[in-house]
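**Student:** If you scroll down you'll find the structure; I have some questions about it.
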Amino acid sequence: MSITPSTATAVRLYGPEHAADPQRSYELLRRQGPVGLAEIDTDLVVHLVTDYEAAINLLQDTDTWSKDTRPWLGQVPEHSTIRPLVEWRPSLLFADGDEHAHLRKVITDSFALLDPNDVRVLTFRHADRLLQDFADTGTVDLVGQYAHQLPLMVFNGLFGMGDEHGPRLVGALTAMMDTDPERKAAGAQSFGAYLGALYQTKAAQRGHDLTSWFIDHPNGLSQEEAINQIIITLGAGNEPTANLIANTCVRMLSDDRYFGTLTTGSLPVQHAIDDALWYDSPLANFSFHFPKKDVTFYGTRIPVGSPVMVSYAAANTCPHSGVPADGYRSGTKAHLAFAAGPHACPARSLALLIATAAIERLASYLPDIELAVAPEELTYRDGPIHRTLTSLPARFTPLTPDAEGVTPWSRSSTGPETESDSPSLVTAGRGSVRSS
4 MSITPSTATA VRLYGPEHAA DPQRSYELLR RQGPVGLAEI DTDLVVHLVT
54 DYEAAINLLQ DTDTWSKDTR PWLGQVPEHS TIRPLVEWRP SLLFADGDEH
104 AHLRKVITDS FALLDPNDVR VLTFRHADRL LQDFADTGTV DLVGQYAHQL
154 PLMVFNGLFG MGDEHGPRLV GALTAMMDTD PERKAAGAQS FGAYLGALYQ
204 TKAAQRGHDL TSWFIDHPNG LSQEEAINQI IITLGAGNEP TANLIANTCV
254 RMLSDDRYFG TLTTGSLPVQ HAIDDALWYD SPLANFSFHF PKKDVTFYGT
304 RIPVGSPVMV SYAAANTCPH SGVPADGYRS GTKAHLAFAA GPHACPARSL
354 ALLIATAAIE RLASYLPDIE LAVAPEELTY RDGPIHRTLT SLPARFTPLT
404 PDAEGVTPWS RSSTGPETES DSPSLVTAGR GSVRSS
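Each residue of the sequence shown is one higher than the one before, counting from 4 in the working numbering.
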């Protein structure tokens with residue numbers, strides 16, 4: 004018998020117990036029904052959708068639900084770890100209706116100008132530079148030394164900044180994730196300075212990059228709007244992509260279907276990525292929605308303006324979402340790791356492209372890489388939103404700079420780029436943003 008949500012005890016989605024076994028939390032929530040009560044920070048309780056069908060219905064229903072967090076913000080403590088994620092900004096994440104469509108079109112039109120091959124080349128080039136730092140050591144933390152640096156370095160280039168600014172961006176966002184208030188504040192200040200320099204540079208001289216296309220889009224963004232679309236693109240594109248790379252590597256290095264070596268496993272990289280998206284969603288719980296009036300949703304009464312989140316992780320593993328008996332889904336893309344409906348992640352293709360290229364590059368140089376610890380010894384960061392490994396120690400046969408054949412050091416990344424290695428980031432014949 005299910006528990007009535009109004010009388011249920013909220014299930015805590017933070018702390019070491021949840022980090023160690025999130026599926027236990029989701030099972031407790033399912034006992035309350037398709038919509039349960041979850042505590043996402045101290046005394047901060049929300050409704051959480053764990054049912055696949057209910058999640059789809061909510062994500063597609065813009066008549067009932069709003070994304071505007073402002074009426075609720077007063078209930079979120081200033082010091083809460085959730086506050087930065089729900090602080091209202093003039094970005095598509097918090098917009099409804101025509102305003103959302105207006106802002107989203109800037110991003111989707113600009114992304115459409117990216118040449119996938121150029122993005123792959125850019126990802127390969129930065130992967131080579133990271134690999135140069137550890138390929139000759141025989142050991143690596145694939146989270147700190149690879150997965151959590153690479154997407155930001157790629158996005159830094161996609162937005163039009165020189166490679167020398169990549170480490171600055173990585174350092175700023177890493178500091179902003181720190182628990183130390185002073186370090187967090189310093190990170191926020193550094194990130195603000197980076198954004199200011201980025202916008203001013205591109206406002207003064209356009210290039211073939213996302214920032215320039217945001218500025219020049221026919222929808223006419225203000226400086227504040229353009230910067231906030233950059234912020235949401237970096238935020239939504241960075242950590243989930245980094246987590247996807249790491250979570251996929253875990254599966255490829257520990258799952259018998261891939262075990263052996265990354266290059267001789269029985270299933271390709273794309274299968275491992277799909278598997279990770281279904282069963283280890285890099286963005287576990289998010290998508291804040293607020294009913295525009297009192298509603299009864301899947302048997303739960305939800306007052307106007309009350310926060311409702313979607314658990315992508317729980318919905319994907321919901322017993323009614325079509326999980327086969329053997330636990331493996333072949334060829335299906337119906338997971339909710341990128342949400343759904345009008346607010347579905349516009350960077351889905353870009354994130355998958357970066358993650359695939361990152362893992363392929365790693366495998367091409369280090370085919371015998373393996374976990375340095377047992378899979379059950381891996382730990383995850385505390386928190387209700389992201390599914391983030393604390394570290395991913397691995398070992399491999401060292402690759403020396405003077406080794407024969409292709410190495411990270413022999414690529415053009417150590418010297419002047421050749422024409423074929425220097426991405427223009429623009430699809431041939433589409434040099435400016437157009438309205439469609």
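From the three backbone atoms N, C-alpha and C, an ideal C-beta is built for every residue, glycine too.
Keep in mind that this is a model prediction, so the values were computed, not measured.
(1) Within this structure, are the beta carbons of P315 and S284 separated by less than 7 Å?
(2) Can the beta-carbon of I372 be found closer than 7 Å to that of A397?
(3) Within 10 angstroms of its Cβ, does L172 collect 16 or more other Cβ (buried), or is it exposed?
(4) May I have the straight-line CA-CA distance separating Q152 from T177, to the nearest angstrom?
(5) Along the chain, where does the alpha helix (DSSP H) containing E56 start, and where does it finish?
(6) Should the segment 36-47 be regarded as contacting the segment 335-351, the criterion being three or more beta carbon pairs within less than 8 Å?
(7) At which residues does the beta strand (DSSP E) containing V49 begin and terminate?
(8) Which residue comes first and which comes last in the alpha helix (DSSP H) that contains A138?
(9) Judging by CA-CA distance, which residue of F217, P221 and N222 is the nearest neighbour of T236?
(10) Contact defined as beta carbons within less than 8 Å: I believe A361 pairs with T126. What is the distance between those atoms, to the nearest angstrom?
(11) Straight-line CA distance for R209 to D183?
(12) Within its chain, find whatever has a CB closer than 6 Å to the CB of L161; leave out the 5 residues flanking it on each side and keep chain order.
(13) Work out the CA separation of P378 and S257 for me, nearest whole Å.
(14) Considering just the uninterrupted stretch of the alpha helix (DSSP H) at H103, what are its terminal residues?
(15) Would you kindly work out how many angstroms separate the C-alpha atoms of Q226 and Q78, rounded to a whole number?
(16) By DSSP, does P387 sit in helix, in strand, or in coil?
(17) Ignore the nearest five residues each way along the sequence and tell me which others in Y17's own chain have a CB closer than 7 Å to its CB.
(18) To test your reading of the DSSP string, which unbroken beta strand (DSSP E) runs of 3 or more residues are found completely within the segment 269-331?
(19) List the endpoints of the continuous beta strand (DSSP E) containing D44.
(20) If you draw a straight line from the C-alpha of L201 to the C-alpha of I276, how long is it?
(21) Going by alpha carbons, who is nearest to T204 out of G238, K108, M164 and G195?
**Tutor:** Working from what's here:
(1) The residue given as residue 315 occupies position 312 in the sequence shown. The residue given as residue 284 occupies position 281 in the sequence shown. Rather than Pro, the amino acid found at residue 315 in this sequence is Tyr. Cβ atoms of Y315 and S284: closer than 7 Å.
(2) Counting from 1 along the sequence shown, the entry for residue 372 is found at position 369. Counting from 1 along the sequence shown, the entry for residue 397 is found at position 394. Against a cut-off of 7 Å, the Cβ pair of A397 and I372 comes out as a contact.
(3) As a first step, residue 172 is located in the sequence shown; it is residue number 169 there, counting from the start. Buried, because 16 or more other Cβ atoms sit within 10 Å of the Cβ of L172.
(4) Taking the sequence shown and counting its residues from 1, the one referred to as residue 152 is at position 149. Taking the sequence shown and counting its residues from 1, the one referred to as residue 177 is at position 174. Rounded to whole angstroms, Q152 to T177 spans 9 Å at the Cα level.
(5) As a position in the sequence shown, residue 56 is number 53, starting the count at 1. Element bounds for E56: Y55 to Q63.
(6) Touching, no, given that fewer than three Cβ pairs across the two stretches are closer than 8 Å.
(7) Residue numbering aside, residue 49 sits at position 46 when the sequence shown is read from its first letter. Residues L47 to V52.
(8) Position 135 of the sequence shown holds residue 138. Going by DSSP, A138 is part of no alpha helix (DSSP H) at all; its letter is neither H nor E.
(9) Counting from one through the sequence shown, the residue named residue 236 turns up at place 233. That would be F217, whose Cα lies nearest to the Cα of T236.
(10) Reading the sequence shown from its first residue, position 358 is the one you call residue 361. Reading the sequence shown from its first residue, position 123 is the one you call residue 126. Sure, about 6 Å apart at Cβ, within 8 Å.
(11) Locating residue 209 in the sequence shown gives position 206, counting from the first residue. Locating residue 183 in the sequence shown gives position 180, counting from the first residue. Each residue's CA atom was taken as its position, placing R209 and D183 some 38 Å apart.
(12) Locating residue 161 in the sequence shown gives position 158, counting from the first residue. Cβ neighbours of L161 beyond the five flanking positions: L213.
(13) Here residue 257 corresponds to residue number 254 of the sequence shown, with the count starting at 1. Here residue 378 corresponds to residue number 375 of the sequence shown, with the count starting at 1. Rounded to whole angstroms, S257 to P378 spans 7 Å at the Cα level.
(14) Numbered from its first residue, the sequence shown carries residue 103 at position 100. Judged by DSSP secondary structure, H103 falls within the alpha helix (DSSP H) whose first and last residues are G100 to F114.
(15) Here residue 226 corresponds to residue number 223 of the sequence shown, with the count starting at 1. Here residue 78 corresponds to residue number 75 of the sequence shown, with the count starting at 1. C-alpha separation (whole angstroms): 30 Å.
(16) For the purposes of this step, residue 387 is taken as the residue at position 384 of the sequence shown. Coil at P387, not helix or strand.
(17) Indexing the sequence shown from 1 puts residue 17 at position 14. I43, D44, D385, G386 and P387, listed in sequence order.
(18) DSSP runs (the beta strand (DSSP E)) wholly in the segment 269-331: 288-294, 298-300, 303-305 and 311-314.
(19) Within the sequence shown, the letter at position 41 stands for residue 44. Taken as a continuous stretch (DSSP letters only), the beta strand (DSSP E) holding D44 covers V38 to D44.
(20) Position 198 of the sequence shown, counting from 1, holds the residue named residue 201. Position 273 of the sequence shown, counting from 1, holds the residue named residue 276. For L201 and I276, the gap between their C-alpha atoms comes out near 32 Å.
(21) If you number the sequence shown from 1, residue 204 lands on position 201. With distances taken between Cα atoms, T204 lies closest to M164.
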